[in-house]
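> Protein chains in written order, with full-length UniProt numbering: chain B, 1 to 181; chain R, 1 to 494. Beta carbons are placed, not taken as given, at the ideal position from N, Cα and C, and that holds for glycine. Starting off with a structure, shown below.
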Amino acid sequence: MAEYRKVYGLGAEFESAAALMHAAEKIRDAGFSKWDVHTPFPIHGMDKAMGLGKSWLSAPVFIGGTTGLLTAVCLEMIPSFSLYKLIVHGKPYDWRTIPAFFPIMFELTVLFSAFTTVFSLMVMNQLPKWYHPVFNWERFARVTDDGFFLVIEARDPKFSETKTRALLEEIGGQHVTLIHD
Amino acid sequence: MSEAVATLETPKEVQRIPLVTNERSLHWITENVSSIVEARTPIWWWLAFFPCALLAMVGLCCIGYQISNGVGVWGENKTVGWAWDITNFVFWIGIGHAGTLISAILFLSRQKWRTSINRAAEAMTLFAVICAGIFPGIHVGRVWMAWYLAPIPDSYDIWPNFRSPLLWDVFAVSTYFTVSVLFWYTGLVPDLASLRDRAKSRVKKFAYGVFALGWRGSNRQWRHYEMAYLLLAGLSTPLVLSVHSVVSFDFATSILPGWHTTIFPPYFVAGAIFGGFAMVLTIMLPARLLYPQLDDMVTRQHVDKMAKIILLTGSIVGYAYLMELYIAYYGQNKFEMFTFFHQRASLGFNEGGWYNKYYYAMMFCNVISPQIFWSKWARSNYIVVFITSMFVNAGMWYERFVIIATSLAQDFLPSSWHHYHPSWIEIWTFCGTFGIFLSLFLLFMRFLPMICAFEVKAVTPHADPHHYRPTANSGGPATGALGPHDAPAKEGHH
């Protein structure tokens, strides 16, 4: 049916989180680079099993938070100190009133950081992406239920349809299937 | 090392109760969370939704009437310039705090029992903040001028006063709502993907599919997702503490007796968590009754733990009440003494302050009634828990009313003393917000997964890759075959 379509990769299903993690360790040690595991929930220790480091999402969030803080500083201080000096009850209105600006500084830092977190998450995960070749595999729908999958992409330099299939079967993969683009 | 973990036997007396009882499988969790949304709308849902929606409409009509006629349709006067509106605002915003506490603070403190209640509690937070936002919005009088609250350099070149606690409140509440929406939606994505993959009709597949963003549960995604969730929890934790602190500044930075106290921020935050958990129980206990399949996820220990939090925060609130009285006595300021010992804690219902009966109602509901949770029997009896949380809901409303009305109605100058009575418009506006809150919650139950299924799955024994390491004699991982007591104590409470 789908012979004319490009091969995306090979997918294998595993019995449990533990079985998938061992498989991931073996695929990592075999030197593959373009591969991924798909699970219904994050598995503790999987990053290490896949040879991935710590997520660097916190870096953009730090920049976002700093931007929020600076925005609040400018937003509050420029009008209050120069554009529109508001004197209430004859109290001071200069830099000595700085503690009164802290709540809004805090709130805007949090607001900007939260937006940066969510948008960076989407950018780094390349979401939204409503089409992906893995969705062509019928068994894959169970990934959001109780399925544990490992997919090696065809563009991996070590990929070979027969050898990779044999490797996946050897490490306990079931229903090893060729996924088309 | 992992082999050692797998063979480590937890002594019987320190074993924990499993978070998901009856050794349920992963598929069972998906099935029972999603089936609530997928099944035909039950009759009781319509029976509940119609009165709630009607009440919401009544509330909206009252708001419309108030907007077209002005704030004069309320019972406020020159002495009591704000009463029910600010009471209701603080009441609703306080209720919102439990959701973020469960999703953020309990996440950072690794309280894994939070997983089955956080989604519903977060939804409750959003709906409560929506109800809260109505009151200051309409109290400004000319609502079409509400944009003056935002620092927009308009043609008049007028800027808001950034040193005013009321402006801090605008920022705090709008930030809180926005961050809560982001947090809630981030948590929803994997479960929306689950509904997408199970959907039979094209419309549902499309609708859930669009909002699931094409989530495919890949570990390269989970890696960033977990970090994002951690960051959002880390950001929400100080945020939730700041919001009610800022709300309390509305009072504490003024010079009225009874308001001008430094104890307000922690006292308000404890009260908010207290009232919020009571509302979570008020909603979750009937939900459990209507959906018995939730029993294995929202277990007795969840109710027990929430009751303990109510006991703790209720006692903190009780301490704050007593400390306020003591400081009023210790300070010997006669206005402060008058507020606390005449208007609030005075004996004799006719000679004393005008509102002392509400003070005693508050004391009973907030300080005395939760003390029943010292008993394990009370914590495990759902009827007792439900009734107590109703007392707490009422008590927290009384608390805000007492703080606001007593300090305003009889202040420094006896010639300006004035009673306050709510008008029927005010009463029905407040009732209407309950309609809005409950209607939104019923719609949420109908269309979105009420329980965070992927997080519940992640705290089952099947999710632990070390525990399920296949050994030579077991011949492979036996998914779901282990008993609850075989699980090592990894829940990590306390």
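Are there 16 or more other CB atoms within 10 angstroms of the CB of Gly64/R, so buried, or fewer, so exposed?
exposed
> For Tyr65/R, which of helix, strand or coil comes out of DSSP?
helix
> Taking Met284/R as the reference, which of Trp184/R, Ser375/R, Ala463/R, Gly99/R has the closest Cα?
Gly99/R
> Short of 8 angstroms in beta carbon distance, which residues of its chain neighbour Phe364/R, apart from the five on each side in sequence? Order them along the chain.
Phe391, Gly395
> Kindly indicate which residue of Pro461/R, Thr433/R, Asp464/R, Leu438/R has the alpha-carbon position closest to the one of Leu60/R.
Thr433/R
> For a cutoff of 8 angstroms on Cβ pairs, would you count Leu239/R as touching chain B?
yes
> With a CB to CB cut of under 7 angstroms and the five nearest residues on each side skipped, what residues in its chain are close to Asp304/R?
Arg379, Ser380
> Determine the closest residue to Gly276/R out of Val246/R, Thr313/R, Gln15/R, with distance taken between C-alpha atoms.
Thr313/R
> How about Thr237/R and Ala104/R: are their beta carbons less than 8 angstroms apart?
yes
> Below 8 angstroms between beta carbons: does that hold for Trp144/R and Pro153/R?
The Cβ atoms of Trp144/R and Pro153/R do not sit closer than 8 angstroms to each other.
> With 8 angstroms set as the bound, which would you pick, yes or no: does the beta-carbon of Pro461/R sit closer than that to a beta-carbon of chain B?
no
> Please check if any C-beta of chain R sits within less than 8 angstroms of the C-beta of Val110/B.
yes
> Output the distance between the C-alpha atoms of Tyr267/R and Val181/R, rounded to the nearest integer angstrom.
Straight-line Cα distance between these residues: approximately 26 angstroms.
> Is Leu176/B near Ala12/B, with beta carbons less than 8 angstroms apart?
Looking at the sequence shown, residue 176/B is not Leu but Val. Yes; because the gap between Cβ atoms is below 8 angstroms, this pair is in contact.
> Under 6 angstroms Cβ to Cβ from Asp36/B, same chain only, skipping five residues before and after it: list those, please.
Within the same chain, Val151 come within 6 angstroms of Asp36/B by CB-CB distance, once the 5 residues on both sides are set aside.
> Listing by chain order, which chain R residues have their CB less than 7 angstroms from the CB of Pro133/B?
Those do not exist, as Pro133/B stays about 10 angstroms from chain R at its closest Cβ, beyond 7 angstroms.
> Can you give the Cα-Cα distance for Arg163/R and Ala345/R, rounded to whole angstroms?
34 angstroms
> So, Glu399/R versus Met362/R, is the Cβ gap smaller than 8 angstroms?
yes
> Excluding the 5 residues flanking residue 572/R on each side, which residues of the same chain have their C-beta closer than 7 angstroms to its C-beta?
Residue numbering for chain R in the displayed model covers 1 to 494; residue 572/R lies beyond these limits and cannot be assessed.
> Tell me which same chain residues have a C-beta within less than 6 angstroms of the C-beta of Pro157/B, skipping the five on either side of it?
Nothing meets the Cβ criterion.
> To the nearest angstrom, how far is it from the Cα of Trp82/R to the Cα of Trp424/R?
16 angstroms
> Return the first residue and the last residue of the alpha helix (DSSP H) that His139/R is part of.
118–139
> At what residues does the alpha helix (DSSP H) containing Leu235/R begin and finish?
219–252
> For the structure I just gave you, are there three or more beta carbon pairs, one from the segment 23–37 of chain R and one from the segment 287–296 of chain R, closer than 8 angstroms?
yes
> Span of the alpha helix (DSSP H) holding Glu13/B?
That residue, Glu13/B, is in no alpha helix (DSSP H); its beta strand (DSSP E) goes 7–14.
> Using a C-beta to C-beta distance shorter than 9 angstroms, which residues of chain R count as neighbours of Leu167/B?
Result: empty, since nearest Cβ-Cβ is about 19 angstroms, beyond 9 angstroms.
> With burial defined as no fewer than 16 other Cβ atoms inside 10 Å of the residue's Cβ, what is the status of Cys74/B: buried or exposed?
Counting Cβ neighbours within 10 Å, Cys74/B comes out exposed, since fewer than 16 surround it.
> Below 8 angstroms, how does it come out for the segment 96–112 of chain B and the segment 213–221 of chain R: are there three or more Cβ pairs, yes or no?
Counting Cβ pairs under 8 angstroms, fewer than three are found: no touch.
> Evaluate the contact criterion for the segment 125–141 of chain R versus the segment 77–89 of chain B: three or more CB pairs, one atom per stretch, below 8 angstroms.
no
> Report buried or exposed for Ser389/R, applying the criterion of at least 16 other Cβ atoms within 10 angstroms of its Cβ.
buried
> For Val383/R, does the count of other Cβ atoms within 10 angstroms reach 16, so buried, or fall short, so exposed?
Sequence check: residue 383/R is Ile here, not Val. Ile383/R is exposed by the Cβ-count criterion.
> Return the first residue and the last residue of the beta strand (DSSP E) that Asp169/R is part of.
Where Asp169/R is concerned, there is no enclosing beta strand (DSSP E), although the alpha helix (DSSP H) it sits in stretches over 165–198.
> I'd like to know if Thr117/B contacts chain R, where contact means its C-beta is closer than 8 angstroms to some C-beta of that chain.
yes
> Between Asn77/R and the rest of its own chain, which residues show a CB-CB distance below 6 angstroms, the 5 nearest in sequence each way excluded?
For Asn77/R, where only same-chain residues beyond five positions count, the Cβ hits under 6 angstroms are His418.
> Using C-beta distances below 6 angstroms, list every residue in its chain close to Ala320/R, excluding the 5 sequence neighbours before and after it, in chain order.
Ile263, Tyr267
> Are Ala463/R and Phe41/B close, meaning C-beta to C-beta below 8 angstroms?
yes
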